[in-house]
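Colleague: Residue numbers (my numbering), protein chains in the order written: chain P, 6 to 280; chain L, 88 to 539; chain R, 233 to 529.
For each residue, glycine too, the CB sits at the ideal point set by N, CA and C.
All of these numbers come straight from a predicted model, not from anything done at the bench.
Before anything else, here's the structure in question.
Structural data, given as structure tokens:
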């Protein structure tokens with residue numbers, strides 16, 4: 006019996022390790038390629054390790070395109086959008102989940118249906134609107150168009166729904182206002198949800214390239230994804246450099262994920278199951 | 088009581104908003120649309136007034152935006168902008184840079200959105216100007232041209248070719264045509280004579296075969312066919328008898344047969360490889376993986392620049408593009424890069440000044456200094472082009488054009504039809520479709536695309 | 233009576249005050265453009281100042297005579313038909329393995345999850361290189377293990393969609409794995425103990441306890457995956473651009489091209505509405521299902 010469990014444990018470890026390695030092979034390959042000489046990336050027969058480690062690739066990319074500016078812009082956009090998204094979504098979600106007001110359900114249905122519309126569909130009317138109010142080619146415009154997604158409200162509502170009504174009722178009896186309840190009870194309880202929304206928004210904004218591509222004109226406003234796309238189109242064959250730039254762009258997301266992952270997993274637990 | 092009244096009022100306001108939102112929304116959307124167009128209509132004249140004033144104000148610089156693509160690898164845009172700014176110290180020219188493959192989409196969104204930027208539009212594919220004009224997105228330059236007495240004959244007919252409904256919405260900025268580039272060092276090493284300036288496509292193919300050598304990663308291909316549809320189809324257009332807007336594309340067949348043959352014989356790299364690896368022709372040529380490459384004149388600037396920057400170190404040459412049997416040498420296919428003004432620009436007069444400058448002989452000389460081929464051709468400019476340091480001394484022959492055929496007709500249907508042909512081109516070149524099927528599909532689908 | 237009404241008004245106002253900060257932004261920047269695009273579906277508009285024309289259902293009737301639309305619809309269905317089950321099975325399998333109280337769970341979880349947060353632009357570039365038909369590492373490997381003629385992947389109409397499917401599964405299964413993992417931890421240990429007493433083995437437990445207990449989660453995953461699959465665009469745009477030919481052209485590609493190559497904004501909106509209708513049906517099924525399965529949770 007005991008040996009059987011040990012055996013099955015070993016099998017589980019083996020399967021998991023093989024799969025996990027499979028998952029990260031592209032990233033390994035990416036990192037290794039980023040240290041190679043561009044010709045070596047596709048040499049036949051395949052070389053796994055670079056013959057000479059070209060650490061200078063990481064230096065070169067900063068010289069070729071204004072990566073630092075791109076990083077700053079992306080960070081700024083991502084942080085501000087995420088903050089607005091999280092705050093307004095939590096507010097609205099509490100309203101939808103815990104306050105009964107007229108027209109609530111209809112409003113919510115409207116929110117939900119727009120989630121299903123792909124952005125490419127309303128991109129042009131949206132741009133027309135933005136340009137009428139002179140918000141194109143500015144970070145503000147990009148922030149405003151991305152900070153009020155219906156998905157954020159939908160997600161946070163799922164979390165707020167999970168908060169027991171009895172808890173809120175008790176607080177009301179204690180004399181707390183709705184805003185007090187929101188701030189002192191609902192918000193702390195929705196922490197996993199907030200973490201989830203932070204990751205979602207962060208990942209989406211950080212990785213978005215179509216939005217910035219359409220909205221930003223000046224080079225000094227552009228983002229890291231645009232930078233990489235620019236790199237790919239201009240240095241089409243400098244595979245090593247493309248990989249180095251890509252690696253750089255992945256690091257911040259990885260960091261955020263590792264920091265937030267505890268909450269995040271809790272978040273998906275609470276939000277995901279209830280859908 | 089008072090409080091209740093207030094509450095009721097706010098509530099009504101909120102309710103109205105909600106019910107508006109609830110009723111499907113066609114109403115709010117339509118009203119915005121209506122007011123949006125109204126706004127544009129009233130806004131335009133006011134903006135005009137501001138524009139004429141603005142340049143006069145000193146201290147404050149007037150901003151002019153110009154949309155360009157791949158700015159980092161095409162220095163000519165910046166050079167023209169700099170020269171213009173030097174002449175007009177009150178003006179700041181900002182280049183809106185987008186990567187080439189995203190450029191047309193971005194311009195479409197900006198113009199459809201009614202943005203005032205960019206003031207000046209570089210039209211990457213001349214056929215897209217028709218769509219812009221039909222959508223009233225371009226400023227008619229005719230009156231400006233008359234007022235300033237611009238002589239259109241200097242463009243050698245190109246300006247007239249860009250006219251739409253007898254009006255000049257754009258002026259030619261650059262003119263490029265296809266030539267044949269080759270690696271002199273590889274030819275020397277093989278002891279083969281350089282490609283002549285009067286070669287048929289069959290002779291070119293034989294030469295490419297002769298120049299192919301080596302195996303594996305050391306293989307040197309005789310020539311290089313980049314993945315563009317133009318690099319097959321254009322050779323079928325060289326005789327000027329057909330255009331890419333056609334009812335029957337069977338005239339493309341010989342060109343496809345040759346392209347596939349060269350690919351199968353390993354004389355050029357396979358299309359599938361180039362496409363999936365997004366391999367750039369610049370690197371293939373500069374890393375000496377091919378002995379020849381048919382490419383547009385814009386490649387000259389890149390080669391001169393890259394050699395100067397030490398990216399490669401061999402001698403290159405350029406000569407006339409090969410021609411089909413029975414067509415005169417020097418017949419080539421090419422395109423014009425038009426320059427236009429956004430109808431919604433807030434500085435139309437200034438934009439015109441820029442366009443005038445960029446398309447003038449003065450602007451042309453700046454382009455020539457940057458090894459870029461301006462639309463104006465004159466002896467002075469050709470001399471300048473040929474005398475640039477780094478231009479091959481025997482390359483002047485490539486600059487003589489006997490017969491210039493536009494790669495695509497100016498027609499509003501062309502972009503849709505081009506997409507169809509490109510998709511079929513893709514399938515033919517990776518060998519998923521034989522040539523006849525591909526051409527039959529082109530015929531059918533182009534008809535569908537043109538029907539609208 | 234009066235005071236009740238007053239209280240109701242107060243609650244209403246409080247409700248609105250919570251919604252309003254988000255609603256203003258949402259209404260202006262999302263709702264209005266979305267509505268506008270729906271209105272467009274019965275219009276003919278080329279994106280110009282020229283007033284649009286009402287054309288009724290003409291855009292919709294045209295859709296079904298358009299070979300590219302039909303192909304995109306088929307491709308989208310094909311893509312969804314494989315991506316949904318493959319992602320589902322992969323994420324479930326890994327979640328079950330991870331749930332068996334192993335050491336280093338966090339490390340594994342991070343490894344599985346990482347593709348989900350990685351940028352598509354970067355990931356697309358890497359996979360394109362890995363799948364390079366002539367000298368890409370994947371085909372090198374296939375040749376090494378004795379497959380003389382490995383597929384040409386993105387350069388073949390037959391295989392290009394498979395590349396997209398493989399990359400999609402790879403990229404998105406991490407997310408659903410975490411969803412499953414969460415659900416698994418919610419299953420009471422008593423059930424398994426009881427089963428052990430009855431002599432059930434690991435696989436039997438999986439089949440008779442785990443999978444049935446996960447039904448509501450599976451339902452959620454299927455719906456989310458389906459919606460996501462119907463909205464797929466960026467990955468294809470980055471990797472194949474819809475090619476070769478039209479082999480990986482999906483609905484959103486079609487919408488995008490109708491708008492940006494052909495300037496038929498009305499027609500593009502009509503295609504979008506079809507997509508929207510599909511997604512809506514799926515969402516409604518989910519809502520019904522959610523009610524039905526609440527007993528399970």
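Determine the closest residue to residue 266 of chain R out of P:15, P:188, P:154 and P:159, with distance taken between C-alpha atoms.
Modeller: The candidate whose alpha carbon is nearest that of residue 266 of chain R is P:154.
Colleague: Is the beta carbon of residue 502 of chain R sitting closer than 8 Å to the one on residue 273 of chain R?
Modeller: Yes. Within cutoff.
Colleague: How should residue 116 of chain L be labelled, buried or exposed, when 16 other C-beta atoms within 10 angstroms of its C-beta is the threshold for buried?
Modeller: Here residue 116 of chain L scores only 33 on pLDDT, less than 50, and its place in the model is too uncertain to base an answer on.
Colleague: Between which two residues does the beta strand (DSSP E) harbouring residue 492 of chain L extend?
Modeller: Element bounds for residue 492 of chain L: 490-493.
Colleague: From residue 476 of chain L to residue 454 of chain L, what does the alpha carbon distance come to, in whole angstroms?
Modeller: Distance between the alpha carbons of residue 476 of chain L and residue 454 of chain L is about 14 Å.
Colleague: So does the region 449-456 of chain R actually touch the region 411-426 of chain R, counting three or more Cβ pairs closer than 8 Å?
Modeller: A contact exists between the region 449-456 of chain R and the region 411-426 of chain R.
Colleague: I'd like to confirm the pairing. Which residues does DSSP put opposite residue 251 of chain L in its beta bridges?
Modeller: Residue 251 of chain L pairs with L:254.
Colleague: Could you pull out every residue in the same chain whose Cβ sits closer than 7 Å to the Cβ of residue 265 of chain P, ignoring the five residues on either side in sequence?
Modeller: Excluding sequence neighbours, residue 265 of chain P sits near 200, 203 and 204.
Colleague: Reducing DSSP to helix, strand and coil, say where residue 281 of chain L ends up.
Modeller: In the structure shown, residue 281 of chain L sits in coil (DSSP, three-state: anything other than H, G, I, E or B).
Colleague: For the region 295-308 of chain R against the region 212-219 of chain L, do three or more pairs of beta-carbon atoms, one drawn from each stretch, fall closer than 8 Å, so that the two count as touching?
Modeller: Short answer: they don't touch.
Colleague: Looking at C-alpha atoms only, which residue of L:523, L:411, L:211 and L:512 is the closest neighbour of residue 326 of chain L?
Modeller: The option with the nearest alpha carbon to residue 326 of chain L is L:411.
Colleague: When the cut-off is 8 Å and only beta carbons count, does residue 354 of chain R lie next to chain P?
Modeller: Yes, contact with chain P.
Colleague: Roughly how many angstroms separate the alpha carbons of residue 183 of chain L and residue 457 of chain R, rounded to a whole number?
Modeller: The alpha-carbon atoms of residue 183 of chain L and residue 457 of chain R are separated by roughly 38 Å.
Colleague: Could you say which of P:159, P:99, P:8 and P:61 lies nearest to residue 249 of chain P if we only look at CA atoms?
Modeller: Looking at the Cα atoms, P:61 is the closest of the given residues.
Colleague: Strictly under 8 Å for the Cβ-Cβ distance: is residue 489 of chain R near chain L by that measure?
Modeller: Chain L contact via Cβ: present.
Colleague: From residue 527 of chain L to residue 239 of chain L, what distance separates their C-alpha atoms?
Modeller: About 41 Å.
Colleague: Along the chain, where does the alpha helix (DSSP H) containing residue 554 of chain L start, and where does it finish?
Modeller: It is not possible to answer for residue 554 of chain L, since the shown part of chain L is limited to 88 through 539.
Colleague: Quick one: which residues of the region 353-372 of chain R get their C-beta closer than 9 Å to a C-beta of chain L? List them in chain order.
Modeller: Within the region 353-372 of chain R, the residues whose Cβ lies closer than 9 Å to some Cβ of chain L are 357, 360, 361, 363, 364, 365, 366, 367 and 368, listed in chain order.
Colleague: Using a Cβ-Cβ cut-off of less than 9 Å, give me the residues of the region 371-401 of chain R that come near chain L, in sequence order.
Modeller: Cβ contacts with chain L come from 384, 385, 386, 387, 388, 389 and 390.
Colleague: Am I right that residue 345 of chain L and residue 292 of chain L are in contact with their C-beta atoms under 8 Å? What's the rounded C-beta distance?
Modeller: Correct: roughly 6 Å between the Cβ atoms.
Colleague: Using a C-beta cutoff of 8 Å, does residue 501 of chain R count as contacting chain L?
Modeller: Output row for residue 501 of chain R: interface = no.
Colleague: What separation, rounded to the nearest whole angstrom, lies between the Cα atoms of residue 178 of chain P and residue 137 of chain P?
Modeller: So the alpha carbons of these two residues sit roughly 49 Å apart.
Colleague: Counting contacts by CB-CB distance shorter than 8 Å, is residue 250 of chain R in contact with chain P?
Modeller: By this cut-off, residue 250 of chain R is an interface position.
Colleague: Do you know how far the Cα of residue 190 of chain P is from the Cα of residue 167 of chain P?
Modeller: Spanning the two alpha carbons is a distance of roughly 12 Å.
Colleague: Exposed or buried, what is residue 245 of chain L when buried is set at 16 or more other beta-carbons lying within 10 Å of its beta-carbon?
Modeller: Looking at its Cβ environment, which holds 16 or more other Cβ atoms inside 10 Å, residue 245 of chain L is buried.
Colleague: Tell me whether residue 283 of chain R is buried or exposed, calling it buried when 16 or more other Cβ atoms sit within 10 Å of its Cβ.
Modeller: Looking at its Cβ environment, which holds fewer than 16 other Cβ atoms inside 10 Å, residue 283 of chain R is exposed.
Colleague: Just the C-alpha distance for residue 332 of chain R and residue 277 of chain R, rounded to the nearest angstrom, thanks.
Modeller: Answer to the nearest angstrom: the Cα atoms are 58 Å apart.
Colleague: For my contact list, residue 384 of chain R and residue 359 of chain L are in at a C-beta cut-off of 8 Å; report their separation, rounded to the angstrom.
Modeller: Correct: roughly 6 Å between the Cβ atoms.
Colleague: Take the Cβ of residue 321 of chain L as the centre, count every other Cβ of all protein chains shown within 10 Å, and call the residue buried at 16 or more, exposed below.
Modeller: Residue 321 of chain L comes out buried.
Colleague: Against residue 227 of chain P, what residues of chain C qualify as contacts under a CB-to-CB distance less than 7 Å, listed in chain order?
Modeller: Considering every chain present, this structure includes no chain C. Its protein chains are P, L and R.
Colleague: Quick check on residue 268 of chain R: buried or exposed, where buried means 16 or more other Cβ atoms within 10 Å of its Cβ?
Modeller: Counting Cβ neighbours within 10 Å, residue 268 of chain R comes out buried, since at least 16 surround it.
Colleague: Are the C-beta of residue 239 of chain R and some C-beta of chain L separated by less than 8 Å?
Modeller: With 8 Å as the cut-off, residue 239 of chain R does not count as an interface residue toward chain L.
Colleague: Looking only at its own chain, which residues have a Cβ that is under 6 Å from the Cβ of residue 407 of chain R, when we skip the five neighbours before and after it?
Modeller: Hits under 6 Å: 348.
Colleague: Mind checking which residues open and close the alpha helix (DSSP H) that includes residue 130 of chain P?
Modeller: Where residue 130 of chain P is concerned, the enclosing alpha helix (DSSP H) stretches over 124-137.
Colleague: With H, G and I counted as helix, E and B as strand and the rest as coil, what does DSSP make of residue 427 of chain L?
Modeller: Strand, per DSSP.
Colleague: Are residue 465 of chain R and residue 453 of chain R touching if we call contact CB-CB under 8 Å?
Modeller: Cβ distance not < 8 Å, so residue 465 of chain R and residue 453 of chain R don't count as in contact.
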